[in-house]
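Engineer: Sharing a structure, written as structure tokens. Questions coming.
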Amino acid sequence: MERQTEAIKMDIGPSPQSLMERKVHIQISRRQIIKTKLRKNCSCTTERLKNIAMDFFPVLRWLPKYQYREYICGDVMSGLVIGIILVPQAIAYSLLAGLQPIYSLYTSFFANIIYFLMGTSRHVSVGIFSLISLMVGQIVDRELLLAGFDLNDDAETFSNSKLWNSNSSNRTAVSLAVGGLSVECGKECYAIGVATALTFLAGVYQVLMGVFRLGFVSMYLSESVLDGFATGASLTILTAQVKYLIGIKIPRSQGPGIFLTTWINIFRNISQANLCDVITSVVCIAVLVAAKELGDRYKHKLKIPLPTELVVIAVATIVSHYGKLNEVYASSVSGTIPTGFIPPQLPNFNLMHRVAADAVPLAIVGFAFTISLSEMFAKKYTYTVRANQEMFAIGFCNIIPSFFHCFATSAALAKTLVKASTGCQTQVSSVISAAVVLLVLLFLAPLFYSLQKCVLACIIIVSLRGALRKFRDVPQRYHLNKVDTLVWCVTAFSSALISTEMGLLVGVVFSMLCVIVRTQRPRTALLGQIQNTAFYEDDWEYEGLSPVPKAKIFRFEAPLYYANKDFFLKSLYRMTGLDPTLDPARRKKAEKKEKGHLKEGNRGTMVKGLDQADTALHLVPKQADFQTIIIDCSSVTFLDTAGITTLKEILKDYSKLKITVLLACCNPSVIDSLKRGDYFGKNYKKMHELLFYSIHNAVQFARDSSLLADGATV
Numbered sequence: 001m002e003r004q005t006e007a008i009k010m011d012i013g014p015s016p017q018s019l020m021e022r023k024v025h026i027q028i029s030r031r032q033i034i035k036t037k038l039r040k041n042c043s044c045t046t047e048r049l050k051n052i053a054m055d056f057f058p059v060l061r062w063l064p065k066y067q068y069r070e071y072i073c074g075d076v077m078s079g080l081v082i083g084i085i086l087v088p089q090a091i092a093y094s095l096l097a098g099l100q101p102i103y104s105l106y107t108s109f110f111a112n113i114i115y116f117l118m119g120t121s122r123h124v125s126v127g128i129f130s131l132i133s134l135m136v137g138q139i140v141d142r143e144l145l146l147a148g149f150d151l152n153d154d155a156e157t158f159s160n161s162k163l164w165n166s167n168s169s170n171r172t173a174v175s176l177a178v179g180g181l182s183v184e185c186g187k188e189c190y191a192i193g194v195a196t197a198l199t200f201l202a203g204v205y206q207v208l209m210g211v212f213r214l215g216f217v218s219m220y221l222s223e224s225v226l227d228g229f230a231t232g233a234s235l236t237i238l239t240a241q242v243k244y245l246i247g248i249k250i251p252r253s254q255g256p257g258i259f260l261t262t263w264i265n266i267f268r269n270i271s272q273a274n275l276c277d278v279i280t281s282v283v284c285i286a287v288l289v290a291a292k293e294l295g296d297r298y299k300h301k302l303k304i305p306l307p308t309e310l311v312v313i314a315v316a317t318i319v320s321h322y323g324k325l326n327e328v329y330a331s332s333v334s335g336t337i338p339t340g341f342i343p344p345q346l347p348n349f350n351l352m353h354r355v356a357a358d359a360v361p362l363a364i365v366g367f368a369f370t371i372s373l374s375e376m377f378a379k380k381y382t383y384t385v386r387a388n389q390e391m392f393a394i395g396f397c398n399i400i401p402s403f404f405h406c407f408a409t410s411a412a413l414a415k416t417l418v419k420a421s422t423g424c425q426t427q428v429s430s431v432i433s434a435a436v437v438l439l440v441l442l443f444l445a446p447l448f449y450s451l452q453k454c455v456l457a458c459i460i461i462v463s464l465r466g467a468l469r470k471f472r473d474v475p476q477r478y479h480l481n482k483v484d485t486l487v488w489c490v491t492a493f494s495s496a497l498i499s500t501e502m503g504l505l506v507g508v509v510f511s512m513l514c515v516i517v518r519t520q521r522p523r524t525a526l527l528g529q530i531q532n533t534a535f536y537e538d539d540w541e542y543e544g545l546s547p548v549p550k551a552k553i554f555r556f557e558a559p560l561y562y563a564n565k566d567f568f569l570k571s572l573y574r575m576t577g578l579d580p581t582l583d584p585a586r587r588k589k590a591e592k593k594e595k596g597h598l599k600e601g602n603r604g605t606m607v608k609g610l611d612q613a614d615t616a617l618h619l620v621p622k623q624a625d626f627q628t629i630i631i632d633c634s635s636v637t638f639l640d641t642a643g644i645t646t647l648k649e650i651l652k653d654y655s656k657l658k659i660t661v662l663l664a665c666c667n668p669s670v671i672d673s674l675k676r677g678d679y680f681g682k683n684y685k686k687m688h689e690l691l692f693y694s695i696h697n698a699v700q701f702a703r704d705s706s707l708l709a710d711g712a713t714v
């Protein structure tokens, strides 16, 4: 890009004048830019194709350089630990998604393999995530209800892999077009059909975000919004698991207000609680919480975290099997989990129009958590990740598995923390975790037949400890930043009391409104001079500042645009004590009254208690005690048309009262806006009289121009 300079005269101090030179950037034409980019991106050379392949599959770059002796122990250890954790969590989170446990295992397996190939983070663990599972489950339940299935029916499990012909799970059946054929589909078939269609669309959205570089959307999901959303969704997750904890059957609520409706139904049916499930839940929660607390307390001494979930599941399954808890006490169990893989199938495109809108928040939440975790751990362990490639990776972690009866995934904080703490060095650990899940899929899955659902619910609830503990941090948050705390509370409670998707939307909108309100009513101040220096600060905040004689220095700490221009004017008039739009009218009215009183005085009429001179002094408004207004624009990041017009109006209005308005500390973009708006007159003739590099320069100019009182010290 070529450059040339243009000298712009600007008085930045007392005489002699100095010249501030602005560089004039000559931009290449858009056509030329497009041609250059097309020529670069469309070139088909061996090197170009090699780079494209390595960029799309980062594993091709780092795996050949893998330091076997240094990395293998940590990767194998963390992979085994995560795999052991994944199995019980995958089975448990199937309750949240409203699907059979086998689909959660499929999801964990494929997500780990694909992220190993495409991810750029060394530590992130991608797979089953409670919030994503909850969002999928709510959409699946809604579609099942609309299709006429009974949500309160406990689905019978299937013992073979013929998924699409398995109608025994529910007597209602719907007709789906699969591969051009009309197939009768039962409840379980329809549920996974909805989940895969939703997952496919979410992945497509994420890939499109990567193609069009829309990663900036995640910037609107602030930390307060994400934390509040996670906490609110955790309350919903906990609520959804209570019925399994106590073994009652209640209607599965839909739509807004699930949290309150579910608790009302729980208390109405509390008398039907299954004593066996209640006792099991109490024991499991006590063991899990105690183990977690011990693990947190002695985590520095433990080389690997305790596999408490796996131990609890193993013991509970053995007790349930040999104690015949299902047959004797009617305790609900997981049922048959088939081994092997179901043949791959296209996601059902006939269902996609029904879930197209639902896939949007799912896609945004998925990539927001993934990118934020990737960047957090990359910063901690001093390496870099490519945010755009992360969007591609998580997108294909949804698109490809959707052909294999999987549902949506994203990075999960808890498993990522465990992965990093157990010595993970690269994504080879993900392959080890996938191998553990594969072992369960091929051989060990039937062993979980007698596992009680209340045990799975206990695992889910205990895993929410971190999110629910954030309620304890509210006072600290409030002390740190009141607005962010309000955003967190609004997001959390709207996610819990309305719905998860609506809570996320409410949180984002409310967060943006808070930003707008901050700019609509920003902080304003009158400045005083720090004694014997060239610096000026807020007279309200600091002691010992000296006022500048015959001048008011006004600071506005926000961009000046259409939404806050009125507040800018009101603040300026209030703090200077002079409204130039009203003062002339008041003076004319006062002069008219004065003339009337003088005439009456000539006829011998006197105002009671005042002579004629006092009457005139009382009626005429007091003259302004300043002759210059200096506006500190250091915090004004931009001006729109309304902002430029506002500055031009105050310049004109105050000049009628013989008061000069000077601008100081303007950034280049603000100066350009003022120039385009003809603020400095034709050819910028008045620029050196109206614009100054610093407040002190403006004060000196006013003094040297005799705008301030003679003999005033600056």
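Be aware that the sequence shown starts at 1, since it is given in the numbering used here, and climbs by one per residue. Just so it is clear, CB atoms sit at the ideal spot from N, CA and C, and this is done for glycine as well. From a predicted model like this one, the values you see are computed outputs, not experimental measurements.
Indicate whether residue 105 and residue 90 have their beta-carbon atoms separated by less than 9 angstroms.
Structural biologist: In the sequence shown, residue 105 corresponds to position 105, counting from 1. In the sequence shown, residue 90 corresponds to position 90, counting from 1. Yes, they are a contact pair.
Engineer: Quick one: is residue 696 buried, meaning 16 or more other Cβ sit within 10 Å of its Cβ, or exposed?
Structural biologist: Sequence index remark: in the sequence shown, residue 696 carries index 696 (1-based). Label assigned to residue 696: buried.
Engineer: Measure the beta-carbon distance from residue 403 to residue 344 and round it to whole angstroms, keeping in mind my assumption that it falls under 8 angstroms.
Structural biologist: By 1-based counting over the sequence shown, the position of residue 403 is 403. By 1-based counting over the sequence shown, the position of residue 344 is 344. Indeed they touch by this definition, with Cβ atoms about 5 angstroms apart.
Engineer: Do you know how far the Cα of residue 427 is from the Cα of residue 390?
Structural biologist: Residue mapping note: residue 390 aligns to position 390 of the sequence shown, counting from 1. Residue mapping note: residue 427 aligns to position 427 of the sequence shown, counting from 1. Each residue's Cα considered, the two are about 14 angstroms apart.
Engineer: Take residue 279 as the anchor and find which of 405, 466, 245, 196 has the nearest alpha-carbon.
Structural biologist: Sequence index remark: in the sequence shown, residue 279 carries index 279 (1-based). Ranking 405, 466, 245, 196 by Cα distance to residue 279 puts 245 first.
Engineer: Name the two residues that bound the continuous alpha helix (DSSP H) containing residue 214.
Structural biologist: As a position in the sequence shown, residue 214 is number 214, starting the count at 1. Counting along the chain, residue 214 falls outside any alpha helix (DSSP H), and DSSP gives it neither H nor E.
Engineer: Which residues bound the alpha helix (DSSP H) around residue 71?
Structural biologist: Within the sequence shown, the letter at position 71 stands for residue 71. Counting along the chain, the alpha helix (DSSP H) containing residue 71 begins and ends at 68-97.
Engineer: Relative to the alpha-carbon of residue 229, which residue among 385, 383, 510, 209 has its alpha-carbon at the smallest distance?
Structural biologist: Counting from one through the sequence shown, the residue named residue 229 turns up at place 229. Cα-wise, what sits closest to residue 229 is 510.
Engineer: Using C-beta distances below 6 angstroms, list every residue in its chain close to residue 135, excluding the 5 sequence neighbours before and after it, in chain order.
Structural biologist: If you number the sequence shown from 1, residue 135 lands on position 135. For residue 135, where only same-chain residues beyond five positions count, the Cβ hits under 6 angstroms are 362, 500.
Engineer: Buried or exposed: where does residue 524 fall if 16 or more other Cβ atoms within 10 Å of its Cβ makes it buried?
Structural biologist: Mapped onto the sequence shown, residue 524 falls at position 524. Classification for residue 524: buried.
Engineer: Let me make sure I understand the geometry here. Which of 306, 434, 224, 248 has the alpha-carbon closest to that of residue 273?
Structural biologist: Here the question's residue 273 lines up with position 273 in the sequence shown. Considering only alpha carbons, the answer is 248.
Engineer: Which residues mark the beginning and the end of the alpha helix (DSSP H) in which residue 322 is found?
Structural biologist: If you number the sequence shown from 1, residue 322 lands on position 322. From DSSP, the alpha helix (DSSP H) with residue 322 extends over 308-323.
Engineer: Given this structure, state the Cα-to-Cα distance separating residue 107 from residue 192, to the nearest angstrom.
Structural biologist: Stepping through the sequence shown from its first residue, residue 107 is reached at position 107. Stepping through the sequence shown from its first residue, residue 192 is reached at position 192. In a straight line, the C-alpha of residue 107 is about 12 angstroms away from that of residue 192.
Engineer: Report buried or exposed for residue 251, applying the criterion of at least 16 other Cβ atoms within 10 angstroms of its Cβ.
Structural biologist: Translated into positions along the sequence shown, residue 251 becomes position 251. Looking at its Cβ environment, which holds fewer than 16 other Cβ atoms inside 10 Å, residue 251 is exposed.
Engineer: In terms of alpha-carbon separation, which member of 259, 631, 438, 702 lies closest to residue 549?
Structural biologist: The sequence position of residue 549 within the sequence shown is 549, counting from 1. The candidate whose alpha carbon is nearest that of residue 549 is 702.
Engineer: Contact between the stretch 311-331 and the stretch 371-384: three or more CB pairs below 8 angstroms?
Structural biologist: Segments in contact, no.
Engineer: Helix, strand or coil for residue 345? Go by DSSP, reduced to three states.
Structural biologist: In the sequence shown, residue 345 corresponds to position 345, counting from 1. Three-state DSSP puts residue 345 in coil, outside helix and strand.
Engineer: From residue 658 to residue 627, what does the alpha carbon distance come to, in whole angstroms?
Structural biologist: Against the sequence shown, residue 658 aligns to sequence position 658. Against the sequence shown, residue 627 aligns to sequence position 627. Approximately 7 angstroms between the Cα atoms of the pair.
Engineer: If the criterion is Cβ atoms closer than 9 angstroms, does the pair residue 349 and residue 206 meet it?
Structural biologist: Position 349 of the sequence shown holds residue 349. Position 206 of the sequence shown holds residue 206. Against a cut-off of 9 angstroms, the Cβ pair of residue 206 and residue 349 comes out as no contact.
Engineer: Just mark residue 453 as buried or exposed, buried being the case when its beta carbon has 16 or more other beta carbons within 10 Å.
Structural biologist: As a first step, residue 453 is located in the sequence shown; it is residue number 453 there, counting from the start. The residue is buried, with at least 16 neighbouring Cβ atoms inside 10 Å.
Engineer: Taking the alpha carbon of residue 284 as the reference point, which residue from 257, 294, 312 has its own alpha carbon closest?
Structural biologist: By one-based count along the sequence shown, residue 284 stands at place 284. Looking at the Cα atoms, 312 is the closest of the given residues.
Engineer: Excluding the 5 residues preceding and the 5 following residue 429 in the sequence, name in chain order all residues of the same chain whose CB lies nearer than 6 angstroms to its CB.
Structural biologist: Within the sequence shown, residue 429 is the residue found at index 429, counting from 1. Only 75, 78, 79 meet the Cβ criterion.
Engineer: When you compare each of 512, 566, 655, 532 to residue 583 by their alpha carbons, which one comes out closest?
Structural biologist: Within the sequence shown, the letter at position 583 stands for residue 583. It is 655 whose Cα lies nearest to the Cα of residue 583.
Engineer: Does the distance from the C-beta atom of residue 638 to that of residue 663 stay below 9 angstroms?
Structural biologist: Here the question's residue 638 lines up with position 638 in the sequence shown. Here the question's residue 663 lines up with position 663 in the sequence shown. Taking 9 angstroms as the Cβ cut-off, residue 638 and residue 663 do not qualify as a contacting pair.
Engineer: Residue range of the alpha helix (DSSP H) that residue 700 falls in?
Structural biologist: To locate residue 700, count along the sequence shown from 1; it is residue 700. Start and end: 695-704.
Engineer: Can you give the Cα-Cα distance for residue 64 and residue 57, rounded to whole angstroms?
Structural biologist: Translated into the one-based positions of the sequence shown, residue 64 becomes position 64. Translated into the one-based positions of the sequence shown, residue 57 becomes position 57. Near 13 angstroms, if we compare the C-alpha coordinates of residue 57 and residue 64.
Engineer: Among the candidates 661, 505, 308, whose CA atom is the shortest distance from the CA of residue 218?
Structural biologist: As a first step, residue 218 is located in the sequence shown; it is residue number 218 there, counting from the start. Answer by Cα proximity: 505.
Engineer: I'd like the span of the alpha helix (DSSP H) that includes residue 661, first residue to last.
Structural biologist: As a working note, residue 661 is residue 661 in the sequence shown. Where residue 661 is concerned, there is no enclosing alpha helix (DSSP H), although the beta strand (DSSP E) it sits in stretches over 660-664.
Engineer: Measuring straight from C-alpha to C-alpha, what distance separates residue 567 and residue 282?
Structural biologist: For the purposes of this step, residue 567 is taken as the residue at position 567 of the sequence shown. For the purposes of this step, residue 282 is taken as the residue at position 282 of the sequence shown. Approximately 59 angstroms, taken between the alpha carbons.
Engineer: Mind listing, in chain order, the continuous beta strand (DSSP E) runs of no fewer than 3 residues lying wholly within the stretch 180-266?
Structural biologist: The qualifying runs are 181-185.
Engineer: Short check: CB of residue 558 to CB of residue 522, under 9 angstroms?
Structural biologist: By 1-based counting over the sequence shown, the position of residue 558 is 558. By 1-based counting over the sequence shown, the position of residue 522 is 522. Yes, the pair counts as a contact, with Cβ atoms nearer than the cut-off.
Engineer: To the nearest angstrom, report how far apart residue 62 and residue 109 are at their CA atoms.
Structural biologist: Counting from one through the sequence shown, the residue named residue 62 turns up at place 62. Counting from one through the sequence shown, the residue named residue 109 turns up at place 109. Answer to the nearest angstrom: the Cα atoms are 22 angstroms apart.
Engineer: Start and end of the alpha helix (DSSP H) containing residue 570?
Structural biologist: Here residue 570 refers to the residue found at position 570 of the sequence shown. Run containing residue 570: 565-576, per the alpha helix (DSSP H) assignment.
Engineer: What does the alpha-carbon distance come out to for the pair residue 539 and residue 571?
Structural biologist: Stepping through the sequence shown from its first residue, residue 539 is reached at position 539. Stepping through the sequence shown from its first residue, residue 571 is reached at position 571. Distance between the alpha carbons of residue 539 and residue 571 is about 15 angstroms.
Engineer: If residue 232 sits next to residue 410, beta carbons under 8 angstroms apart, how far is it from one beta carbon to the other, in whole angstroms?
Structural biologist: Taking the sequence shown and counting its residues from 1, the one referred to as residue 232 is at position 232. Taking the sequence shown and counting its residues from 1, the one referred to as residue 410 is at position 410. About 17 angstroms separates the two Cβ atoms, so there is no contact after all.
Engineer: Can you grab the Cα-Cα spacing for the pair residue 408 / residue 398, in whole Å?
Structural biologist: As a first step, residue 408 is located in the sequence shown; it is residue number 408 there, counting from the start. As a first step, residue 398 is located in the sequence shown; it is residue number 398 there, counting from the start. Each residue's alpha carbon lies about 6 angstroms from the other.
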